[in-house]
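Asks: Pasting a structure here, questions to come.
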């Protein structure tokens, strides 16, 4: 399901994705690994439950991560500031982002070549994006 989003094994620059499901944070981090391994900077905004040790074990270079743990009411401003400053931004707003702001952030990412990965399927409602959903199944 990821193949259409990948160009030469990487997410196309300027793409906005929403990841959803039981393992959404893990999927978002997995998507960031390739960028990190190629020397890119990764931004993370408002992602509750982010395990930096786990991110490092996945292969993300923690020395090239800009973390904004709790941007409060300045969520959109924090994301906008990182778009263009880093190559990939993982975001998790605590509430749905107004459609106007979501479209503006997606457009900014496309124009600046920054990949935006939103944790939560409908948090960027109104923004053009691909939605990836992951559900964990118990093994027998």
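Numbering (this note's numbering), first residue to last: 46 to 185. No residue lacks a Cβ here, since even glycine has one placed at the ideal position from N, Cα and C.
List the endpoints of the continuous beta strand (DSSP E) containing residue 154.
Replies: If you number the chain shown from 1, residue 154 lands on position 109. Run containing residue 154: none in the beta strand (DSSP E); it sits in the alpha helix (DSSP H), 144-157.
Asks: Just reading off the alpha helix (DSSP H) that residue 124 is part of, what are its end residues?
Replies: Position 79 of the chain shown, counted from the start, is the residue given in the question as residue 124. That run of the alpha helix (DSSP H) goes 120-127.
Asks: Taking all protein chains shown into account, do 16 or more other C-beta atoms lie within 10 angstroms of the C-beta of residue 187, making it buried, or fewer, making it exposed?
Replies: With the chain covering only 46 through 185, there is no way to say anything about residue 187.
Asks: Measure the Cβ-Cβ separation of residue 61 and residue 161 and say whether it is below 7 angstroms.
Replies: As a working mapping, residue 61 is identified with position 16 in the chain shown. As a working mapping, residue 161 is identified with position 116 in the chain shown. It is a contact, given that the beta carbons lie within the stated cut-off.
Asks: Counting Cβ pairs, one atom from each stretch, are 3 or more of them under 8 angstroms apart for the stretch 88-95 and the stretch 130-147?
Replies: Contact between the stretch 88-95 and the stretch 130-147 is present, because at least three Cβ pairs lie under 8 angstroms.
Asks: Might you give, ordered along the chain, the residues of its own chain that have their beta carbon closer than 6 angstroms to the beta carbon of residue 74, omitting 5 neighbours on each side?
Replies: Taking the first residue of the chain shown as position 1, residue 74 is located at position 29. Counting only Cβ-Cβ distances below 6 angstroms, and skipping sequence neighbours, we find 100, 103.
Asks: Assign residue 70 to one of three DSSP states: helix, strand, or coil.
Replies: Sequence index remark: in the chain shown, residue 70 carries index 25 (1-based). Reduced to three states, the DSSP call for residue 70 is helix.
Asks: Our contact map puts residue 131 next to residue 152 with C-beta atoms below 8 angstroms; I'd like the distance itself, whole angstroms only.
Replies: In the chain shown, counting from the first residue as 1, residue 131 sits at position 86. In the chain shown, counting from the first residue as 1, residue 152 sits at position 107. About 17 angstroms separates the two Cβ atoms, so there is no contact after all.
Asks: Measure the Cβ-Cβ separation of residue 150 and residue 124 and say whether it is below 7 angstroms.
Replies: The residue you call residue 150 lines up with position 105 of the chain shown. The residue you call residue 124 lines up with position 79 of the chain shown. Closer than 7 angstroms, so yes.
Asks: Let me check understanding here. Comparing Cα to Cα, which of 69, 116, 58 lies closest to residue 79?
Replies: Position 34 of the chain shown holds residue 79. For the residues 69, 116, 58, the minimum Cα distance to residue 79 belongs to 58.
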